[in-house]
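>
Here's what the structure looks like:
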């Protein structure tokens, strides 16, 4: 289990996370919803070791990972597909995927996981020799998720995977999230499409200005009047 306890994060004088605590049970999909600036991405960045907290702890399988650097966190089984995709545009699809496996040395396992990614995203197989920058937005998102999976993680954190995608592609992305979870991965999902996120989530947290204001199962929050009014169009 991934566990955050009383986490405080600052950007200069800005108090971005104000003592949040949350649990991510093994094998579940947990989503964080909220408006821009609520602290969703900051939570993922803190877990990844990309920003350091002022107070609080992050533990994974009873190990304190609060002060580990990002590479050690990836090696420990937690990886993030960042907002904005951040692929390497001048490298091929296959090269991008191999870079996702930078922390591994098991060549057979890497090739096996590459085939798994190609099975998840058949268009990546078709375009494996094509430069990442020539892909469509939806294809780049697939590549970003696939690259994250190449590290053989136990926990996959997805930051705004549907951002900027056409509705049909959004549907595809959420179907893939369910498949990844069904194949044994724990998923932490940050998403502004609250309806789609809550539909797939086992559990969810609502963040506002750096604090958790609501939590419950995905179904509970889908039917919560406060969530409906604030995030689901009334």
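Residue numbers (full-length UniProt numbering): 1 to 234. Beta carbons: idealized from backbone N, C-alpha and C, even for Gly.
Looking at the structure shown, is residue 216 part of a helix, part of a strand, or coil, going by DSSP?
On the chain shown, residue 216 is found 216 positions in, with the first residue counted as 1. Residue 216 falls in the strand class under three-state DSSP.
> Note down, one range per segment and in chain order, each beta strand (DSSP E) of at least 3 residues found wholly within the stretch 136-184.
For the stretch 136-184, whole beta strand (DSSP E) runs of length 3 or above, ordered along the chain, are 155-159.
> Any contact between the stretch 130-141 and the stretch 73-93? By contact I mean 3 or more CB pairs, one from each, below 8 Å.
Output reads yes: the stretch 73-93 touches the stretch 130-141.
> Give the DSSP bridge partners of residue 187, in chain order.
For the purposes of this step, residue 187 is taken as the residue at position 187 of the chain shown. Partner(s): 29 and 156.
> In terms of residues, what are the limits of the beta strand (DSSP E) holding residue 47?
Here residue 47 refers to the residue found at position 47 of the chain shown. Unbroken run through residue 47 is the alpha helix (DSSP H), 40-48; no beta strand (DSSP E).
> Below 9 Å between beta carbons: does that hold for residue 61 and residue 1?
Along the chain shown, read from residue 1 onward, the residue named residue 61 stands at position 61. Along the chain shown, read from residue 1 onward, the residue named residue 1 stands at position 1. For residue 61 and residue 1, yes; Cβs fall inside 9 Å.
> Let me check understanding here. Comparing Cα to Cα, which of 124, 47 and 17 lies closest to residue 189?
One-based indexing of the chain shown puts residue 189 at position 189. It is 47.
> Using a Cβ-Cβ cut-off of 6 Å (strictly less than) and excluding sequence neighbours within five positions of residue 128, which residues of its own chain qualify?
Translated into positions along the chain shown, residue 128 becomes position 128. Around residue 128: 93 and 94.
> Can you tell me the Cα-Cα spacing of residue 111 and residue 84, whole angstroms?
As a first step, residue 111 is located in the chain shown; it is residue number 111 there, counting from the start. As a first step, residue 84 is located in the chain shown; it is residue number 84 there, counting from the start. Each residue's Cα considered, the two are about 26 Å apart.
> In terms of residues, what are the limits of the beta strand (DSSP E) holding residue 83?
As a first step, residue 83 is located in the chain shown; it is residue number 83 there, counting from the start. Taken as a continuous stretch (DSSP letters only), residue 83 belongs to no beta strand (DSSP E), as it is neither H nor E.
> Please list, in chain order, all residues of the same chain as residue 213 whose beta carbon is under 6 Å from its beta carbon, the five residues on each side excluded.
For the purposes of this step, residue 213 is identified with residue 213 of the chain shown, where counting begins at 1. Correct list, in chain order: 206.
> Apart from the five residues on each side of it in sequence, which residues of its chain come closer than 7 Å, Cβ to Cβ, to residue 170?
The residue you call residue 170 lines up with position 170 of the chain shown. Hits under 7 Å: 162, 193 and 196.
> Thinking residue 103 and residue 71 are a contact (beta carbons under 8 Å), I'd like their distance in whole angstroms, please.
For this step, residue 103 is matched to residue 103 along the chain shown. For this step, residue 71 is matched to residue 71 along the chain shown. Contact flag correct, Cβ pair sits at about 7 Å.
> Quick check: the Cα distance between residue 155 and residue 17, rounded to an integer number of angstroms?
Against the chain shown, residue 155 aligns to sequence position 155. Against the chain shown, residue 17 aligns to sequence position 17. Computed Cα separation, rounded: 21 Å.
> Does DSSP classify residue 51 as helix, strand or coil?
Here residue 51 is taken as the residue at index 51 of the chain shown, counted from 1. In this structure, residue 51 counts as coil in the three-state DSSP scheme.
> Which one or two residues does DSSP pair with residue 59 in a beta bridge?
Against the chain shown, residue 59 aligns to sequence position 59. Paired residue(s): 3 and 64.
> Could you tell me the boundaries of the beta strand (DSSP E) in which residue 23 lies?
Here residue 23 corresponds to residue number 23 of the chain shown, with the count starting at 1. Element bounds for residue 23: 14-24.
> Could you spell out where the alpha helix (DSSP H) holding residue 194 opens and where it closes?
Residue mapping note: residue 194 aligns to position 194 of the chain shown, counting from 1. 194-200 is the span of the alpha helix (DSSP H), which, as asked, contains residue 194.
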